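For what it's worth, this note's numbering labels the leading residue of the sequence shown as 191, then goes sequentially.
For every residue, glycine included, the Cβ atom is placed at its ideal position computed from N, Cα and C.
These numbers were taken from a predicted model, which means no experiment stands behind them.
A short write-up of the structure that comes next.
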Amino acid sequence: MKKLIYLNLFVFFGILNSFSQNDTIKTMLISETKKEEEKPKKKWFELISLRGYAQVRYNKLLETNPNLGCEQCDRSWGGTSSFFVRRGRIIFSGQVHDRVFIYIQPDFASAAGTTNSLFQIRDAYFDLSLDKDREYRFRIGQSKVPFGFENMQSSQNRITLDRNDALNSAVSNERDLGVFFYWATKEKRELFKKLIDDGYKGSGDYGLLGLGLYNGQTANQTERNNNQHVVARFTYPFEFKNGQVFEAGVQAYNGKFVVNALTTGAAKAKLENNNPEFLDQRAAASLILYPKPFGVQAEYNIGRGPRYNPSNNTIEESHLEGGYIMLNAKTSIKNHIVFPFVKYQYYNGGKKHELDARSYKVNDLEIGIEWQPFKSFELVADYTISKREYEDAVLFDNYQSGSLLRIQAQFNF
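Set out below in structure tokens:
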């Protein structure tokens, strides 16, 4: 009988203890849930990241012709320039909301006339995503116009010191104010990011498909005809089993450009039909084999736009064409990364942003190497052999050729 009583008591207290433990567990779970609910959400400024880079150049080594230069490429090329801060960028960016990403990039090394190191906004936009995976998004503000692979590349990642004349002459500073729509699958967006993070000189994530409507007078310029440009771009990267990545793309834009940089005085250039507004349209193809370890990068574009004609001192609508091909490689020496490259470019056309839509014929060969001893520092040596004919109402019958060794030191943070 006593045994039965003890057994019942044991079972009874065991049940009580079980309920007590369950209550303790429930209390703990409720407590943790309350802690999570009470945990304050990050404020918007805690979601902003800060990074940047700066480039310092010297272009006077082995220079054979100080009259040879490239206004759109690098204002310190030619003339009496010496050391030059080519870029000084600070980038503020962040996913401030599940559907909103912001990006602001000022440049503290812009040049205007004879004055250097001016503050200027390069990018100021936000991405509005239409879905949780951010595969569909609108980009609103001042940003890069999706035309050309090398134009899309950040100068922080590009191997060569300057973009090619042929495609870069389409959009000065690569940017304009407008609205752009981008679409890419989640997997391809991750691949675009990986190509940058792993140091393969990618273009960044501008979608598989890009469509846009923008002013057309380029960044930080007043719109002059209320006639927006339209642009479309499609690119697709293929990743092979061995890790090699090949990307092919096509792009085109159409609009009307108002030439506003004109000579004055006796040499003043005439305008075809006395109209400063010209058809501005181009189409281009891009082929990129990423350097794993050997790579090839090539682009070519054709189109029509304004161009100075020295035979009659008139700015006319004219055919244009040109492109480039670059062979490069990525290799490691101990912990140092090295990118050797050879690049040839050709362009025959006008540059609508320059004085009198300056006429150009370009044949350049570049041989160089980029050295990265660590991620925060890069050094580029670029030996350039150039033949350039560029003319306007002041620079008449102007053919320049020569060679020089260009050096750039870049630090990243």
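Limits of the unbroken beta strand (DSSP E) element including residue i
i: Asp470; result: Glu467 to Leu479
i: Ala547; result: Segment: none, Ala547 is in no beta strand (DSSP E) and carries neither H nor E.
i: Thr412; result: Careful: Thr412 lies outside any beta strand (DSSP E) and carries neither H nor E.
i: Gly485; result: Phe484 to Asn499
i: Asp572; result: Phe567 to Glu581
i: Gly397; result: Gly397 -> no beta strand (DSSP E), and no H or E assigned at all.
i: Thr521; result: Thr521 to Ile523
Where residue i falls, given that 16 or more other Cβ within 10 Å makes a residue buried
i: Asp321; result: exposed
i: Gly269; result: exposed
i: Pro483; result: exposed
i: Lys541; result: buried
i: Tyr589; result: exposed
i: Ser393; result: buried
i: Phe603; result: exposed
i: Trp267; result: buried
i: Ala451; result: exposed
i: Glu380; result: exposed
i: Phe203; result: Any answer about Phe203 is weak, because its pLDDT of 42 lies below 50 and its placement is not dependable; what the coordinates show is given next. Label assigned to Phe203: exposed.
i: Glu568; result: buried
i: Phe601; result: exposed
Per-residue DSSP class, three states only, for residue i
i: Asp264; result: strand
i: Ser508; result: strand
i: Asp355; result: helix
i: Leu381; result: helix
i: Gly455; result: helix
i: Phe235; result: helix
i: Asn463; result: helix
i: Ser271; result: coil
i: Asn363; result: helix
i: Ile386; result: helix
i: Leu197; result: Confidence at Leu197 is low in this model, with a pLDDT of 43, below 50, so its placement is unreliable and the value that follows should be read with caution. The answer is helix: DSSP assigns Leu197 an H, G or I state.
i: Thr350; result: coil
Residues bridged to residue i [DSSP beta-bridge criterion]
i: Met342; result: None, per the DSSP bridge assignment.
i: His287; result: Val290
i: Phe447; result: Phe468
i: Val369; result: Ile330 and Leu403
i: Val246; result: Val275 and Ala599
i: Lys533; result: Met516 and Glu556
i: Val435; result: Glu429
i: Gln590; result: Arg578
i: Ser319; result: Arg327
i: Gln418; result: The partner list for Gln418 (beta bridge, DSSP) is empty, contrary to what the question assumes.
i: Pro256; result: For Pro256, which the question treats as bridged, DSSP gives no partner whatsoever.
Near the ligand SAM: residue i beta-carbon under 7 Å from a heavy atom
i: Leu461; result: For the ligand SAM, the structure offers nothing, since it holds no ligand at all.
Worksheet item: Is it true that the region 356-368 meets the region 384-396, where meeting means three or more beta-carbon pairs spaced less than 8 Å apart?
Response: no
Discussion item. Could you check whether the region 263-282 touches the region 234-246, counting it as contact only if at least three pairs of C-beta atoms, one from each stretch, sit closer than 8 Å?
Written reply: yes
Discussion item. Using a Cβ distance threshold of 8 Å, determine whether the region 335-343 contacts the region 476-487, with at least three qualifying pairs required.
Written reply: yes
Worksheet item: Between the region 412-419 and the region 451-462, are three or more C-beta pairs nearer than 8 Å?
Response: no
Worksheet item: Is there contact between the region 556-566 and the region 520-539, where contact requires at least three CB pairs shorter than 8 Å?
Response: yes
Worksheet item: Counting Cβ pairs closer than 8 Å, one from the region 308-320 and one from the region 283-296, do we hit at least three?
Response: yes
Discussion item. For the pair the region 228-237 and the region 573-587, tell me if three or more CB-CB distances fall below 8 Å.
Written reply: no
Worksheet item: Are the region 394-401 and the region 419-432 touching, with three or more C-beta to C-beta distances below 8 Å?
Response: yes
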